[in-house]
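**Student:** Can you read through this structure? Questions will come right after.
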Amino acid sequence: MKAKIYQPAKSATQSAKNEFWLLEFNSQDKPIIDEKMLWTSSSNTQDKVKIRFSDKDKAIKFANNNNIDFVIIEPKKRKIKPKSYSDNFSPNRKNPWTH
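All the letters of the sequence shown, read from the start, carry residue numbers 0 to 98 under numbering that gives the first Met the number 0.
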């Protein structure tokens, strides 16, 4: 079973980036649906395991020491255009700001 090592995206209410990395197993099995209660279950419990590490190197070392096949997913870099408040009132703006 393959695992993925990634840095999760920050939540909408978080101002700083996540400082941790996760090792998570990929689920290969389809969930089993109970007919009476309509609950889902699985014979494989590894897909629920998420191990948290302080940095990527520790996650890689853990996976190598435990003979876990893994894929590293690098976080995407955000492209931020520097703007100032005065850009809201610029005459070159696409949609002019009026009141």
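We treat Cβ as the ideally placed atom computed from N, Cα and C, and that holds for glycine.
Have a look at P81 and F19 and give me their C-alpha separation to the nearest angstrom.
**Tutor:** If you take the alpha carbons of P81 and F19, they lie about 27 angstroms apart.
**Student:** If we ignore side chains and look at the alpha-carbon of each, how far apart do D86 and K3 end up?
**Tutor:** Going from the Cα of D86 to the Cα of K3 covers about 42 angstroms.
**Student:** Quick one: residues in its chain with C-beta nearer than 6 angstroms to the C-beta of K9, no 5 flanking neighbours on either side, listed in chain order?
**Tutor:** Answer for K9: K16, N17, listed in chain order.
**Student:** Quick one: using the 10 Å Cβ neighbour count with 16 as the cut-off for buried, is A58 buried or exposed?
**Tutor:** Looking at its Cβ environment, which holds 16 or more other Cβ atoms inside 10 Å, A58 is buried.
**Student:** Just tell me which of T39, K35, R51 has its CA closest to the CA of Y29.
**Tutor:** Per the sequence shown, residue 29 should be read as Lys rather than Tyr. Here the closest residue by C-alpha is T39.
**Student:** Report the rounded CA-to-CA distance for A11 versus S83, giving the unit in angstroms.
**Tutor:** Taking the straight line joining both Cα atoms gives about 22 angstroms.
**Student:** Could you check how far apart the C-beta atoms of Y5 and I72 are, in whole angstroms? I think they sit under 8 angstroms.
**Tutor:** Their Cβ separation, rounded to whole angstroms, is 4 angstroms, which keeps Y5 and I72 in contact under 8 angstroms.
**Student:** Quick one: which unbroken beta strand (DSSP E) runs of 3-plus residues sit fully inside the region 27-96? Chain order, please.
**Tutor:** Correct list: 49-52, 68-72.
**Student:** Determine the burial state of F24: buried for a count of at least 16 other Cβ atoms within 10 Å of its Cβ, exposed for fewer.
**Tutor:** It counts as buried.
**Student:** Suppose contacts are defined by Cβ-Cβ distances below 7 angstroms. Is L21 in contact with K60 by that definition?
**Tutor:** Not in contact: L21 and K60 (Cβ atoms no closer than 7 angstroms).
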